[in-house]
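Student: Please read through the structure below; I'll follow up with questions.
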Amino acid sequence: MAMPDIGDERFIESVIFICDHNKNGAMGLVINSNKSELKFENILDELNIHQEPRRKIDIQSGGPVESARGFILHSNDYKIDTTIVITENIYLTASVDIIKDIARDKGPKMIRFTLGYTGWAAGQLEREIQENTWLHTSAEQTLVFSANIDEIWKNSVKTIGIDISHFNYTPGHA
């Protein structure tokens, strides 16, 4: 979760679900970004998928890196060969197959469809956490797939027991 004084307009009140974090860096998806003006139907057209979607799917910005590439965080009720298990209840799939299945209403029940991702170089995320740029908490499925994206940041902060009105923005170490 971005601290209120993050200083980068792209990430004000952002909540980023970390999909991968290793010695080479980290990759995550913003799960509460404003909805893209791009519609799911546009993506189907772009991919030459001739299927009328059976449900409304919002498209969001997952971050500034590779902003034309789709990433779908979803519930564990859908899995194909390219699916990556992130947690017991949250999976990631980035393929045309899942998009086709979603259009036919044969995809996962819970979906967070993003374009692009947020990335950090080796050690960068750790450094930013030490500098009080980010707070961290465990990923709750109800938060990740919340329909009310405007409340995700506030609700995330609540999960760690912090009253945002009492934040002290002076960096320090315990």
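Using the working numbering, the first residue of the sequence shown is number 40, and each one after it goes up by one. Beta carbons are placed, not taken as given, at the ideal position from N, Cα and C, and that holds for glycine.
F56 by DSSP, collapsed to three states: which one?
Tutor: Look at F56 here: in three-state DSSP terms it is strand.
Student: Check for me: the alpha helix (DSSP H) holding T181 runs from which residue to which?
Tutor: First-last of the alpha helix (DSSP H) with T181: Q180 to V183.
Student: At 4 residues or longer, what runs of the alpha helix (DSSP H) sit wholly inside the region 43 to 98?
Tutor: DSSP runs (the alpha helix (DSSP H)) wholly in the region 43 to 98: 79 to 85.
Student: Touching or not, the region 101 to 114 and the region 140 to 155, by the rule of three or more beta carbon pairs under 8 Å?
Tutor: yes
Student: Roughly how many angstroms separate the alpha carbons of Y117 and S134, rounded to a whole number?
Tutor: 13 Å
Student: Within its chain, find whatever has a CB closer than 8 Å to the CB of P103; leave out the 5 residues flanking it on each side and keep chain order.
Tutor: Counting only Cβ-Cβ distances below 8 Å, and skipping sequence neighbours, we find R49, G155 and T157.
Student: Using a Cβ distance threshold of 8 Å, determine whether the region 92 to 106 contacts the region 59 to 74, with at least three qualifying pairs required.
Tutor: yes
Student: Are the region 46 to 64 and the region 160 to 171 in contact at 8 Å, needing three or more beta carbon pairs?
Tutor: yes
Student: If I45 and T172 are in contact, beta carbons under 8 Å, what's the gap, nearest whole angstrom?
Tutor: 6 Å
Student: Once DSSP output is grouped into helix, strand and coil, what is the label at I150?
Tutor: strand
Student: Using the Cβ count rule (16 or more neighbours within 10 Å means buried), how would you classify P147?
Tutor: buried
Student: Is A41 buried or exposed, if buried means 16 or more other CB atoms sit within 10 Å of its CB?
Tutor: Residue burial annotation: A41 is buried, with at least 16 other C-beta atoms found within 10 angstroms of its C-beta.
Student: Where does T126 fall in DSSP's three states?
Tutor: The answer is coil: DSSP assigns T126 none of H, G, I, E or B.
Student: Please report the distance separating the alpha-carbon of Q169 from that of H89.
Tutor: Those two C-alpha atoms are separated by around 48 Å.
Student: Pull up the distance between the alpha-carbon of S185 and that of N194, whole angstroms please.
Tutor: 10 Å
Student: Which residues bound the alpha helix (DSSP H) around S195?
Tutor: I191 to T198
Student: Within its chain, find whatever has a CB closer than 6 Å to the CB of T198; leave out the 5 residues flanking it on each side and keep chain order.
Tutor: T176
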